[in-house]
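K.L.:
Can you keep this structure in mind? I'll have questions shortly.
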Amino acid sequence: MGKKSLHSEESEEALAAKILLLEEELASLKQSLQAQHAIRQLRASAAGDYGNDEQDAPAPSLGTKGKATEGPIFDESWVMETLKFLVKQQHSSSPLQVLAQVGKLLDLREIGLWGWDAHSASVSLLNQWAAQDLSDTTRQRLQHPDWLYFLLKPESSYFRQLRDGNALALTATDHDLAEATQGLRALDIYNSLIIPLCEQAQLRGFMTLHRDNPRTWHAQDTKALTSLLAWLFRFMHQHEQLRVMVDRDTRYQYAMEATNDGLWDWNLLTNKIYFSRSYLRMLGYDYEDLPGNLDTLRDYFVHPDDVDTMLGEYQSAIDNRQESLQLQFRMLHRDGNIIWVHSKAKFFEPDHQGHASRCVGVNTDISDFMTSREELLSAKAQADLASKTKSEFLARVSHEIRTPMNAIIGIGYLMQDTQLDEQQQSYLTSINSAADSLLQIINQLLDFSKIEAGRVILEYAHFDLDQLFEKISRLFEISALHRSVNIVYDIKPEVPRFLRGDASRLSQILGHLISNAFQYSNTNQVIVRVVRKSQTSRQVVLEFSVEDAGLGMTEEKLTHIKERLVFNKNTPETEKNTYGLGICSHLVHLMQGDFSIDSSLNKGCKVTFSAAFEHSHLGEKTLINHPRDLNNIRALIVDDNTIARTIIASTARSIHLQVDEIDNPIAAIERIRQADNLGQPYHFILLDYRMPNMNGLQLTGLIKSDRSLKQKPRVFLISAYHRDEISSADPNAILVDEFLSKPVSESRLFDAISQAIGREQLLQDISPKIITPTDIEELLENARILIAEDNIVNQQVIRGILKKKKITTVIATNGIEALKLLEATSEPFDAILMDLEMPEMDGLEATRRIRAGQLRANNLQQNIPIVAVTAQAMRGDRERCLAAGMNGYISKPVNPELLYTTLADILRKKKVTNGNSHH
């Protein structure tokens, strides 16, 4: 290895190679300077010798005019004269004129100028002259470089000769060149000369000359043409560069004329500024109206209020050595109007300290954009004000509507504990159901978040999945009196009954899918299945499916529907409202689930979706341990629908009933009689209301009137109708012992069986009780609750609900009274139910004072649990309540079960906290 230099990590050999390369480049530079000096001399000489008229290329003084002789024709003086001609003419056709003169004087058939690319080892024709009588075929064949490639093979002696700068003569009579001249002879070319152009020991190109006679090439002509070739190449190269520059300048001028942007070029040393015509036109000035300098920019162009800021930004960018800058400022039109511009600048030519000395940029007129932005900001401010006003209006409407609704629902709940006959009980149940439906409609109407942002805000409240499905069944089976429809529910035992989530949205999704199934499938039966997909400590994911066995759909239609299921919030509102499946898919995704559709023609359709729910404080089911042992209770399921019968039988077996199944009402009578004769009577008969040939009521009449039965079973009728709705249509309805609403869940069936057992001693004897403690009852019993509520009806409702759990209550009509009661009481309260809107002092302010320890004589209750009870139920209320220090939130109308569980949960936490504090 070579030694290392002290000043570099490169070897001495590498440095020597670099020095040699620099010397070669210096020699090339000197040659170029000499050529430029010669051109300037030629231009001066040409201007004196030729004047301004166009002339033919100069002819040599040697030889005989008109016909070539055996001696030389060209010399160096002719080369100089030709160069003067080229310099004077400065036209792209001048090289061709020179070639024509050479061709005529040497009696040639064709001359070609070729460029050589060493990287790709290829040639390209740059210019060509041909005799007038040369055929088009021969001219075209000579234009194609195929005849040259044999000579230009890197390993050939011909190529080495040309690369060394020596001309190559090809004669057809030379047998050694027969292979090289084979293609030329076919074109009647018998004598050719190839003159290379070499610069810096590199082949750059060559000139090819062709004759159809054997006349030899004179050495002096070859030398003169070699000199001429170098100048021809330089002239063509310079002319090509000039053409490119002219095209680029023309393109630039056209672009600047076409654009509305203004170009500027600022010399930061002299403060001279070039303003393009489009720049001046933007401001209403002509090209030479004002001088191009910084004073013009500052005094005439830029708005006086923005000058200092704009110049300061540029100075800061220069000081910080930034490469570019963008800013917006105002400029003044000549007529006084203000123009907003967006300026993009780039800094160039830094000095020794790195500070730019030149800045080039473009100004774009954004006046329309700024005007539109101001209009948008103004419109947004108005929209925000309108939104705030609307929110306040909706909050007031919500409060005013929910207050009487609370009374209706609350008093209806209290009436359930009074003495009512079956018809009154049925009417009361219908009232409660209608009130719940009305409340759901009110919630949807007052969902202002959807109106404001095109989004749906999900609620998180405890709900009963059985009740949700019961309402759906009644909605469809009762409203379809003109058509017999059947909804079969297959709810797996592992599915929790109690959940926390948005029951209203879940009901909306299921209702729409069931409605679609009945409407488009041309079938009377729809199966709704629910399974538990996964479960964690925080949530449970359920999978719902709605399927029918109807018409189905083609693959093309299914693909089209799936494409439209991608919900787009930018879709027009009218399309959103009309395309229900898209809304369902959107709601499912909000519930962190998936939505899919499968269908085949004439094989029905199945829509599957999943949804995530939180666990309810009530637990998964009401039956953790069965209070009675039902292993000795026998039941017969009678239903012509195989799927529905199988599902109900599975539900009955899950509570440990002994179950038999039958699909024919007539056969059911015989089965009941046989079991009774064998001493193994059925205790319960579960009948479907709608069966062919004989419905459930008719079968009930036969069972109850059969005198041969020693022990008549209790009959449960399964239907979406209530007792009063059926009794008016058939007198046998009075014989039914119990009506079970669809879907028949495990807990609902167990409740009905347990109630029937409680009324008959025989059944009690064969199903002994299993006593289990109730945690909620124990927590709430004898609790002392302060109710802060100004509405008398609401006071009665809440007090009545709490009384059912043996809870002691004290009433305060506003926040001030609540504080006084807390200060004066000797027996502490366990919790406070606090209304938000009350006269004199509202619930939020009262809560803040309690948490701040402002109870004069009794600060022991500073941490008392406080639950908000409000009729507002608007978005943000929950957050405001929690921020004020409340522990929970319940909206009106009050749901009794939710109130019990909320209080029980708070009291349980309080009990644990107090227990820990004593240790």
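Numbering (our numbering), first residue to last: 287 to 1205. Glycine residues also receive a C-beta, built at the ideal position from the N, C-alpha and C atoms. If you're wondering where the values come from, they're calculated on a predicted model, not measured in any experiment.
1. Any idea what DSSP makes of I652, helix, strand or coil?
2. Going by the beta-carbon positions, is the gap between L554 and F519 smaller than 8 Å?
3. Helix or strand or just coil, what does DSSP make of D1191?
4. Just tell me which of S643, G357, D572 and A386 has its CA closest to the CA of R501.
5. If you count every other CB in all the chains shown that lies within 10 Å of the CB of I1207, and 16 or more means buried, which is it?
6. Can you look up L495 in the DSSP assignment and give me helix, strand or coil?
7. If we ignore side chains and look at the alpha-carbon of each, how far apart do P1054 and D915 end up?
8. Take A453 as the anchor and find which of D462, P440 and L489 has the nearest alpha-carbon.
9. If you run the structure through DSSP and keep just helix, strand and coil, what is F804?
10. For P381, count the other beta carbons within 10 Å of its own beta carbon; 16 or more makes it buried, fewer makes it exposed. Which is it?
11. Note the first and the last residue of the continuous alpha helix (DSSP H) segment covering G987.
12. For the ligand ZN, I want to know if P440 counts as a neighbour, meaning its beta carbon is within less than 7 Å of at least one of the ligand's heavy atoms.
13. Go through the stretch 364-421 residue by residue and report every complete run of the beta strand (DSSP E) that reaches 3 residues or more, in order.
14. I'd like the span of the alpha helix (DSSP H) that includes R845, first residue to last.
15. Contact criterion: CB-CB distance below 8 Å. Does M691 meet it with respect to chain C?
16. Please list the segments of the beta strand (DSSP E) lying wholly inside the stretch 425-477, counting only runs of 3 or more residues, in order along the chain.
17. Is the stretch 829-846 touching the stretch 875-886, taking contact as three or more C-beta pairs under 8 Å?
18. How many Å lie between H622 and V593 at the Cα?
19. Hey, could you find the ends of the alpha helix (DSSP H) P951 is sitting in?
20. Does L1026 come out as helix, strand or coil in the three-state DSSP assignment?
21. Determine, using beta-carbon pairs with one atom in the stretch 998-1006 and one in the stretch 1014-1031, whether at least three such pairs fall under 8 Å.
22. Does the stretch 1028-1039 touch the stretch 945-960, meaning 3 or more C-beta pairs lie closer than 8 Å?
23. Look up M1120 in the DSSP assignment and give the residues it is bridged to.
24. Under the DSSP definition of a beta bridge, which residues are partnered with R1137?
25. Suppose you measure from the CA of K390 to the CA of Y444; what does that come to, to the nearest Å?
26. Keeping to the same chain, check which residues put their C-beta closer than 6 Å to that of L412; ignore five residues upstream and five downstream.
27. Could you please give the first and the last residue of the uninterrupted beta strand (DSSP E) stretch that includes E1103?
28. What did DSSP end up calling Q614 once you bin it into helix, strand or coil?
29. Would you say L1255 and Y968 are within 8 Å of each other, going by their C-beta atoms?
30. Which of helix, strand or coil does DSSP assign to I1093?
31. According to the neighbour-count rule (16 or more other Cβ atoms, all chains shown, within 10 Å of its Cβ), is T556 buried or exposed?
32. Can you check DSSP and say which residues form a bridge with L973?
33. Can you give me the C-alpha to C-alpha distance between N499 and L473, rounded to a whole angstrom?
34. Short of 6 Å in beta carbon distance, which residues of its chain neighbour W552, apart from the five on each side in sequence? Order them along the chain.
35. In the DSSP assignment, find the beta strand (DSSP E) that holds F587 and state where it starts and stops.
36. Per DSSP, what kind of secondary structure is D592 in: helix, strand or coil?
P.N.:
Taking the geometry as given:
1. coil
2. no
3. helix
4. G357
5. Because the chain is modelled from 287 through 1205, residue 1207 falls outside the range shown and cannot be assessed.
6. strand
7. 6 Å
8. L489
9. helix
10. Per the 10 Å Cβ criterion, buried.
11. Per DSSP, the continuous alpha helix (DSSP H) segment holding G987 begins and ends at G982 to K990.
12. Of the ligands one can find in the structure shown there are none, so the ligand ZN has no counterpart to examine.
13. 396-403 and 408-416
14. Per the sequence presented here, residue 845 reads as Thr, with Arg not at that position. T845 -> alpha helix (DSSP H) spans E841 to R850.
15. Of the protein chains in the structure, only one exists, and it is not chain C.
16. 454-457
17. yes
18. One point to set straight first is that residue 622 is Gly, not His, in the sequence displayed. Cα to Cα, the separation comes out at about 16 Å.
19. Here the alpha helix (DSSP H) through P951 covers P951 to N963.
20. Three-state result, L1026: strand.
21. Touching, yes.
22. With the cut-off at 8 Å, the stretch 945-960 and the stretch 1028-1039 do not touch.
23. A1074 and A1154
24. Beta-bridge pairing links R1137 to no other residue.
25. 28 Å
26. L399 and G401
27. Taken as a continuous stretch (DSSP letters only), E1103 belongs to no beta strand (DSSP E), being part of the alpha helix (DSSP H) at G1101 to A1110.
28. strand
29. Residue numbering for the chain in the displayed model covers 287 to 1205; residue 1255 lies beyond these limits and cannot be assessed.
30. Note: I1093 maps to coil in three-state DSSP.
31. exposed
32. In DSSP, L973 forms a bridge with V924 and L1003.
33. 13 Å
34. The residues are I559 and C645.
35. Taken as a continuous stretch (DSSP letters only), F587 belongs to no beta strand (DSSP E), as it is neither H nor E.
36. Correct three-state label for D592: coil.
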